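Counting from 262, one number per residue, gives the positions in the sequence shown under my numbering.
Backbone N, C-alpha and C define an ideal beta-carbon position, used for all residues, glycine too.
Note that the coordinates shown come from a computational prediction; the quantities given were computed from them, not determined experimentally.
Structure first, commentary second.
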Amino acid sequence: MKHRIDYFDCHVDTLTEIPSEESLRRNSGNLDLERVGEFAEHYIQVFALWKDRTRMAKRHPEKEFMKLYDRARFLLSEESEHIAFCRNGSDMKQALSERKMAAFLAVEDVSIMGSCIDRAKELGVSIAMLTWNYENEYGAGAAYSQQQGLTEKGKETVKNLLDQKIILDISHLSDAGADDIFSMTEAPVIASHSNVRDICPNPRNLTISHIWEIIKRRGIIGMNFYAPFIKEGEPVEMTELFRHMDHILNQGGEDALVLGSDFDGCGNRFAEGMTGVESIPILMEKMERAGFGSEIIEKIFWKNGYEFFERVDLS
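This is the structure:
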């Protein structure tokens, strides 16, 4: 594949993992703007803010969160000539019209925010996950307990986030917690970086009922490149991710399927042949050879993500 492509990715941890002496333009991690620029004509990226809550102050984590947030905003502002911080679809369109890359912010486990959660919209957060892998005051992560739903504080927080017009992301949430969210709102919900549990029975992957619910609500589902979410055991071939894609497509998910690489959040445990963002053109080539049509490929790599942020109300 020699032509340049349009590329959307629903989840990376890059902004929280770049070493202090490195930059978003060039770094030793899985993703930087120079590597993206080698193949991407247009680029939209959701950057997650994340920290292990168990290693933060037990009470009042706001100070630590704001350090994380300020560092992320600084890394973006350093490259403002090339990438624009976006709060909504209008910002995204403006950035792309100026030939800039577009960046949205997500928070992976809102318990790291403390009281800052009440001003998430003001801070420019577009997407929020209630939990990470453990239990917190809002509910349980998928890796902790699938049967434990949202706490009362969690349900109050869902209402708070919805009032702020922030997109809810169930990728790390327990099955029962996801069911609670679906029962509380008809709004679009996403799974930014989760695969299909029927293909690989990892608790972080999605049940068929949750896949159907996201599709019905016109949400998006991002394919995760982390090898243990693709297949049990090793080796894991890059093409084995296609089984997850096919499954979602067969459930009517043609307009929901996107990429959610989890770059810089996987400990480099990718399928064979995947090293970082520089592998995206290789993935596309393999999909073309596997018989994915050009229209479906365009939807997965770009159109579905772009159109989601174009239509969702983040104002």
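Classification of residue i by the beta-carbon crowding that lies within 10 angstroms, buried from 16 upward
| i | result |
| --- | --- |
| A318 | exposed |
| T418 | buried |
| H321 | exposed |
| E474 | buried |
| A389 | buried |
| A517 | buried |
| N456 | buried |
| R572 | exposed |
| K328 | exposed |
| D523 | buried |
| D331 | exposed |
| K560 | buried |
| K420 | exposed |
Spatial distance of residue i from residue j (CA atoms)
| i | j | result |
| --- | --- | --- |
| V368 | E398 | 16 Å |
| R458 | Y567 | 26 Å |
| G400 | L422 | 15 Å |
| R265 | S540 | 14 Å |
| G350 | S576 | 9 Å |
| L285 | C347 | 16 Å |
| E278 | W393 | 17 Å |
| F569 | I481 | 7 Å |
| E578 | K354 | No statement about residue 578 is possible, as the shown extent of the chain runs from 262 to 576 and does not include it. |
| R465 | Q407 | 10 Å |
| A356 | G521 | 21 Å |
| A403 | V273 | 19 Å |
| E546 | I431 | 30 Å |
| E556 | R504 | 18 Å |
| S372 | E498 | 35 Å |
| F562 | G513 | 17 Å |
| E359 | D352 | 11 Å |
| P489 | A532 | 9 Å |
| Y405 | Y395 | 5 Å |
| P462 | E493 | 8 Å |
| Y304 | D267 | 6 Å |
| N485 | S376 | 30 Å |
| H508 | A452 | 15 Å |
| A364 | V386 | 11 Å |
| T446 | D440 | 10 Å |
| G528 | N511 | 31 Å |
| V307 | T536 | 19 Å |
| E342 | I469 | 42 Å |
| S281 | D525 | 15 Å |
| K312 | E323 | 12 Å |
| H433 | D424 | 22 Å |
| L292 | I442 | 32 Å |
Nearest-angstrom Cβ-Cβ length linking residue i and residue j, presumed shorter than 8 Å
| i | j | result |
| --- | --- | --- |
| T275 | G290 | 6 Å |
| R314 | D379 | The Cβ separation is near 18 Å, so there is no contact. |
| A333 | L310 | 6 Å |
| G415 | S435 | In fact, because the Cβ distance is near 11 Å, the residues do not count as touching under 8 Å. |
| R478 | P449 | 5 Å |
| V538 | F269 | At roughly 12 Å, the Cβ-Cβ gap does not stay under 8 Å, so V538 and F269 are not in contact. |
| D574 | K382 | About 12 Å separates the two Cβ atoms, so there is no contact after all. |
| F335 | M374 | That pair is no contact at about 18 Å. |
Backbone secondary structure at residue i - three-state DSSP
| i | result |
| --- | --- |
| M262 | Any reading at M262 must be qualified, since the residue scores a pLDDT of 48, below 50, and its modelled position is unreliable; no value is offered. |
| D574 | coil |
| H602 | Absent from the model: residue 602. The displayed extent of the chain is 262 to 576, so no value can be given. |
| E396 | strand |
| H508 | helix |
| S555 | helix |
| G430 | In the sequence on display, residue 430 carries Asp and not Gly. Three-state result, D430: strand. |
| D525 | coil |
| S387 | strand |
| F531 | strand |
| A301 | strand |
| L520 | strand |
| G402 | strand |
| D267 | strand |
| S540 | helix |
| L285 | coil |
| G290 | coil |
| G566 | helix |
**Request:** Only counting runs of 3 or more residues, tell me where the beta strand (DSSP E) segments fall wholly within the region 437–506, in order along the chain.
**Result:** 482–484
**Request:** Please specify which runs of the beta strand (DSSP E), each continuous and at least 3 residues long, are wholly inside the region 305–352, giving them in chain order.
**Result:** 344–346
**Asked** Which ranges does the beta strand (DSSP E) cover as unbroken runs of at least 3 residues, wholly within the region 348–377, from first to last along the chain?
**Response** 362–369
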